[in-house]
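Q: Before I ask anything, let me first share the structure, which is written out below as structure tokens.
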Amino acid sequence: MTNSIITSESNGQIKELIKLQKQARERRKTKKFVAEGIKMVLEAINFDKLDKLYVSESAFDRTAQRLGDKLERIPYEVVADNVFKQISDTVTPQGVLATVNMPEYDVKEILSDERKAWVLLDDLRDPGNLGTIIRTSEGAGMSGVIMSKESVDLFNPKVVRSTMGAIFRVKFCYVESLIDIIEEIKKSGYDVYATAMEGSEVYDCVDYTKGSAFIIGNEANGVSDAVFEKASKRIRIPMEGKLESLNAAVSAAIIMYEMARQKRK
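All letters in the sequence shown, in the order written, are residues 1 to 265 by this note's numbering.
And the structure:
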């Protein structure tokens, strides 16, 4: 360990880290976010997105062992354990986190993806749901995730953790008007499906093989009326018992994997 140790919470870097953890505005301004845990740090290094590494004093030796010669090529700071607890967003910190440069994608890049399979999120608000949807999108081979500007911040620490590294591998973007994107997809000859309980086809009776998008709405209110009206068709996931709806991430996963199943066949 050659670096001096940051021992004060009033250190400028520590203050900036706390801002990045807590404020979406600060993340947008700096185009940086915080990734915690050795897995996320390694992903950031592999994708050349790591800005600076911070390691707690007690975790330094094991972190250095995991990173090997990578540690010699990246800027890092060692932080006293009591100070590290202040910059961590987890109950039991692993002792390693990093500031990371945000990946950025253009909506045209996502819409031109050859797989032609898009997830549209209309005002999704729960961080865990968004993180899970991003992670599942990778597993199901989706083209990307397009979000309304009112949706939860993708770089919220809880979202980042939930993606399990998929945040570096799945294309995504926020758009001013989800309606405009729906219209563009339809004009290109692809259907856009909205999830609904009534007047709709069962999700696995629809042909997704030629390319399509589907919309997942707000956890409390579902797909907004204005967006709903622009969808090509309605689909539903049948349910037993007295349930009125499924969790947004669960619903998205069911549809994504049906799309993937059909394409495999």
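Here a beta-carbon is modelled for each residue, glycine too, at the ideal position from N, C-alpha and C.
Smallest Cα separation from I14: which of R169, A98, M40 and A44?
A: Walking along the sequence shown from the start, residue 14 turns up at place 14. Checking every option, the nearest Cα to that of I14 belongs to A98.
Q: What are the boundary residues of the beta strand (DSSP E) that includes E36?
A: Taking the first residue of the sequence shown as position 1, residue 36 is located at position 36. From DSSP, the beta strand (DSSP E) with E36 extends over K32 to E36.
Q: If we call anything under 7 Å between Cβ atoms a contact, is V78 one with V96?
A: Start at 1 with the first residue of the sequence shown, and residue 78 comes out as number 78. Start at 1 with the first residue of the sequence shown, and residue 96 comes out as number 96. Cβ atoms of V78 and V96: not closer than 7 Å.
Q: Output the residue ranges of the beta strand (DSSP E) runs that lie fully inside the stretch 120-183 and measure 3 residues or longer, sorted by chain position.
A: Complete beta strand (DSSP E) runs here, min 3: 144-148 and 172-175.
Q: Can you give me the C-alpha to C-alpha distance between D225 and T195, rounded to a whole angstrom?
A: Here residue 225 is taken as the residue at index 225 of the sequence shown, counted from 1. Here residue 195 is taken as the residue at index 195 of the sequence shown, counted from 1. The straight-line gap from Cα to Cα measures roughly 12 Å.
Q: Candidates E240, Y203 and R236: which alpha carbon is nearest E258's?
A: Working through the sequence shown from its first residue, we reach residue 258 at position 258. Here the closest residue by C-alpha is Y203.
Q: Tell me which residues share the same chain as K85 and place their Cβ nearer than 8 Å to its Cβ, disregarding the 5 neighbours each side in the sequence.
A: If you number the sequence shown from 1, residue 85 lands on position 85. Here the set comprises P93.
Q: Would you be able to state if there are at least three C-beta pairs under 8 Å between the stretch 106-113 and the stretch 27-43?
A: Flag = no, the stretch 27-43 and the stretch 106-113 do not touch.
Q: Going by DSSP, which residues form a beta bridge with V55?
A: Within the sequence shown, numbered from 1, the residue matching residue 55 stands at position 55. Looking at the DSSP assignment, V55 forms a beta bridge with V78 and V96.
Q: Consult DSSP for L246 and reduce its assignment to one of helix, strand or coil.
A: As a first step, residue 246 is located in the sequence shown; it is residue number 246 there, counting from the start. Coil.
Q: What residues are listed by DSSP as bridge partners for N218?
A: Counting from one through the sequence shown, the residue named residue 218 turns up at place 218. DSSP output for N218 lists G222 as bridge partner(s).
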